[in-house]
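Asker: Residue numbers (the numbering used here): 4 to 242.
Each residue gets a CB set at the ideal place from its N, CA and C atoms; glycine is no exception.
All values reported here derive from a predicted model rather than from experimental measurement.
#1: How about residue 219 and residue 168: are their beta carbons less than 8 Å apart?
#2: Quick one: complete alpha helix (DSSP H) runs, 4+ long, within the stretch 70-132?
#3: To the nearest angstrom, how far is it from the Cα of residue 79 to the Cα of residue 68?
#4: For the beta strand (DSSP E) containing residue 24, list its first residue and its last residue.
#5: Rounded to whole angstroms, what's the CA-CA distance from residue 51 to residue 217? Just pull it up for me.
#6: For the beta strand (DSSP E) containing residue 170, name the first residue and the last one.
#7: Taking 8 Å as the cut-off, decide whether the C-beta atoms of residue 65 and residue 82 are in contact.
#8: State the CB to CB distance for the pair residue 92 and residue 30, rounded to an integer number of angstroms; the pair is presumed to be in contact (CB under 8 Å).
#9: Using only the alpha-carbon positions, how far apart do residue 13 and residue 118 sit?
#10: In the structure shown, what three-state DSSP assignment does residue 204 receive?
#11: Using the Cα positions of residue 191 and residue 11, report the straight-line distance between them to the nearest angstrom.
#12: Go through its chain and collect everything with a Cβ distance to residue 46's Cβ below 7 Å, but skip five positions before and after it.
#13: Per DSSP, which one or two residues make a beta bridge with residue 232?
#14: Measure the Cβ-Cβ separation of residue 201 and residue 231 and say whether it is below 8 Å.
#15: When you compare the CB positions of residue 113 and residue 162, do they come within less than 8 Å of one another, or not?
#16: Use the C-beta contact count for residue 205: other C-beta atoms within 10 angstroms, 16 or more gives buried, fewer gives exposed.
#17: Which same chain residues, not among the five before or five after residue 196, have their C-beta less than 8 Å away from its C-beta?
#18: Can you tell me which of 171, 165, 234 and 95 puts its alpha carbon nearest to the alpha carbon of residue 194?
#19: Any idea what DSSP makes of residue 215, helix, strand or coil?
#20: Going by DSSP in three states, residue 41 sits in which element: helix, strand or coil?
#21: Look up residue 198 in the DSSP assignment and say whether it is helix, strand or coil.
#22: For residue 14, does the three-state DSSP call read helix, strand or coil?
#23: State buried or exposed for residue 59, treating a residue as buried only when at least 16 other CB atoms are found within 10 Å of its CB.
Next comes the structure, spelled out in structure tokens:
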């Protein structure tokens with residue numbers, strides 16, 4: 004239940020976005036990095052069982068753990084975010100929605116995640132990481148946006164290494180990424196003993212190449228991958 008006086012949690016220059024599920028709303032700064040459809044697809048793809056504990060790495064404004072409270076019966080959701088201002092915004096969104104008993108936002112570095120939490124503690128880890136390596140393409144001069152889009156503050160290796168340490172045996176790992184890095188993702192997941200188990204591609208239109216890929220891995224599992232039917236975002240209008 005939302006608390007009285009919650010409007011004080013929204014600061015000047017920020018806005019409230021309706022998440023279209025469970026009456027949830029999210030505080031965002033339009034001058035910063037706002038969540039996109041990739042976070043929504045990841046929250047749909049991730050499987051969280053009743054009573055499980057979930058860590059969202061690089062949680063940003065907290066969109067994924069907040070959505071997962073409405074979509075699953077997980078017991079406890081933790082969002083890890085390195086940027087203090089962004090973590091503060093996520094905490095205020097958690098408070099705005101009255102979710103403090105289910106969601107905790109921790110300020111910290113993904114590269115040191117295994118030192119912040121107990122080893123082999125989490126049932127599920129989710130991550131919507133930066134898609135571009137640090138040298139690739141133009142970086143946004145805004146540090147918040149640069150960190151969200153380029154591997155400035157963490158790499159794929161950092162994410163998978165810490166996930167391997169924090170997941171329970173047979174714990175599940177969920178990530179959304181760009182298809183052009185899929186071969187690298189598969190190789191690195193295998194190296195860190197997180198076996199790829201399920202893949203799903205997201206296409207803008209049925210006849211276009213995919214723009215996103217969702218990957219599920221299981222720590223310590225045997226090799227076997229299922230490719231699920233693709234998701235198509237838009238239908239073409241009749242001309």
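Answerer: Walking through what the data contain:
#1: By 1-based counting over the chain shown, the position of residue 219 is 216. By 1-based counting over the chain shown, the position of residue 168 is 165. Against a cut-off of 8 Å, the Cβ pair of residue 168 and residue 219 comes out as no contact.
#2: 87-99 and 116-119
#3: Working through the chain shown from its first residue, we reach residue 79 at position 76. Working through the chain shown from its first residue, we reach residue 68 at position 65. Distance between the alpha carbons of residue 79 and residue 68: 9 Å.
#4: Here residue 24 is taken as the residue at index 21 of the chain shown, counted from 1. Careful: residue 24 lies outside any beta strand (DSSP E) and carries neither H nor E.
#5: What you label residue 51 is simply residue 48 of the chain shown in a count that begins at 1. What you label residue 217 is simply residue 214 of the chain shown in a count that begins at 1. For residue 51 and residue 217, the distance between alpha carbons rounds to 15 Å.
#6: If you number the chain shown from 1, residue 170 lands on position 167. Here the beta strand (DSSP E) through residue 170 covers 170-180.
#7: Residue numbering aside, residue 65 sits at position 62 when the chain shown is read from its first letter. Residue numbering aside, residue 82 sits at position 79 when the chain shown is read from its first letter. Yes, the Cβ-Cβ distance between residue 65 and residue 82 is below 8 Å.
#8: Along the chain shown, one-based indexing puts residue 92 at 89. Along the chain shown, one-based indexing puts residue 30 at 27. With a Cβ gap of about 6 Å, residue 92 and residue 30 count as contacting.
#9: Counted from its first residue, the chain shown places residue 13 at position 10. Counted from its first residue, the chain shown places residue 118 at position 115. Answer to the nearest angstrom: the Cα atoms are 32 Å apart.
#10: Here residue 204 refers to the residue found at position 201 when the chain shown is read from its first residue. In this structure, residue 204 counts as strand in the three-state DSSP scheme.
#11: Here residue 191 refers to the residue found at position 188 when the chain shown is read from its first residue. Here residue 11 refers to the residue found at position 8 when the chain shown is read from its first residue. Going by the C-alpha atoms only, they are around 44 Å apart.
#12: By 1-based counting over the chain shown, the position of residue 46 is 43. Answer for residue 46: 67, 70, 71 and 74, listed in chain order.
#13: Within the chain shown, numbered from 1, the residue matching residue 232 stands at position 229. Answer by DSSP bridge pairing: none, since residue 232 is not bridged.
#14: The residue given as residue 201 occupies position 198 in the chain shown. The residue given as residue 231 occupies position 228 in the chain shown. The answer is yes: Cβ separation under 8 Å.
#15: Sequence index remark: in the chain shown, residue 113 carries index 110 (1-based). Sequence index remark: in the chain shown, residue 162 carries index 159 (1-based). Yes, they are a contact pair.
#16: Here residue 205 corresponds to residue number 202 of the chain shown, with the count starting at 1. When all chains shown are included, residue 205 counts as buried.
#17: Position 193 of the chain shown holds residue 196. Excluding residues within five positions, the ones whose Cβ falls inside 8 Å are 167, 222 and 223.
#18: Residue mapping note: residue 194 aligns to position 191 of the chain shown, counting from 1. Closest by alpha carbon: 165.
#19: Sequence index remark: in the chain shown, residue 215 carries index 212 (1-based). Correct three-state label for residue 215: strand.
#20: By 1-based counting over the chain shown, the position of residue 41 is 38. Helix.
#21: By one-based count along the chain shown, residue 198 stands at place 195. Residue 198 falls in the strand class under three-state DSSP.
#22: Here residue 14 is taken as the residue at index 11 of the chain shown, counted from 1. Coil.
#23: As a position in the chain shown, residue 59 is number 56, starting the count at 1. Residue 59 is buried by the Cβ-count criterion.
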